[in-house]
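Residue numbers (numbering that gives the first Met the number 0): 0 to 230.
Where a beta carbon is used, it is the ideal one built from N, C-alpha and C, also for glycine.
Source: prediction; values computed, not measured.
Written below as structure tokens is the structure these notes are about.
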Amino acid sequence: MSRLHKETHLVARIGWLRAAVLGANDGIISTASLILGVASAAVSRSDVLLTGVAGLVAGAMSMAAGEYVSVSSQSDTEHADLAREKRELAGDPVSEREELAQIYVARGVEPDLAREVSKQLMAKDALGAHARDELGISEISTARPVQAALASAATFSVGAVAPLALVLVSPSNVLIPSVAAGSLLFLSLLGAIGAKAGGAGLLKPTIRVAFWGACAMALTAGIGAVVGKVV
């Protein structure tokens, strides 16, 4: 008999990985774009740096608030569904047991076995069984608003620090190309790290994040240059 082995599934990382990659990606792109837009308007290095810092703070707070509100809405929906399911289980457990059995039948389980499985699972944890198999709510997918908000704010800040550091170390005459090239490098590295952590291929995610980052920075820099000449 072969020995049981422990398996590690990457799907468990989806919640925090999404928030972390999204936060860092936004931090780099928005702050670098803001810096390039202002720098293209031919302002001083101190003005560029001040703008970048303001963008970091505002962006981190915006990410945290947006993520908290979004995930809280998901959490509210989950709690409402669970409360309704709890009432249905209390009011008509027989029908709920048959409903669960039919879910297993639809997945390929023999009807008699499906009813026995449904009976045993509900005897142990009826609400948990229905949450997983009827509503699709599990420990992995459960909404965690505070965790998501903190992760987004923290990773946005980490991402935003990268282009700000480039402003500090780059000579004034090459500040724009240095920030643009360095930020694209950071984005490519982030895309590769996110792909690796999620178990995906490296090339496609890296190219995707670098491409859209380059588009955002080029557009903002162009608008900054035009506005700088007009104002």
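What does the Cβ neighbour count give for R243, buried or exposed, with the cut at 16 atoms within 10 Å? Outside the shown range of the chain, which is 0 to 230, sits residue 243, and nothing can be said about it.
Using only CA atoms, which one of P92, G107, A113 lies nearest to A100? Per the Cα distances, A113.
Meets three-Cβ-pair contact criterion under 8 Å: the region 103–111 and the region 65–82: no
On the three-state DSSP scale, how would you describe R114? Looking at R114 - three-state DSSP - the assignment turns out to be helix.
Is DSSP giving P170 helix, strand or coil here? coil
Nearest to A19 by CA position, among Q146, T205, V166, P162, is which residue? The shortest CA-to-CA distance from A19 to any of Q146, T205, V166, P162 is the one to Q146.
Where the alpha helix (DSSP H) through G58 begins and ends: 44–90
State buried or exposed for S32, treating a residue as buried only when at least 16 other CB atoms are found within 10 Å of its CB. buried
Can you grab the Cα-Cα spacing for the pair S72 / V168, in whole Å? 42 Å
What's the C-alpha gap between A23 and L188? 11 Å
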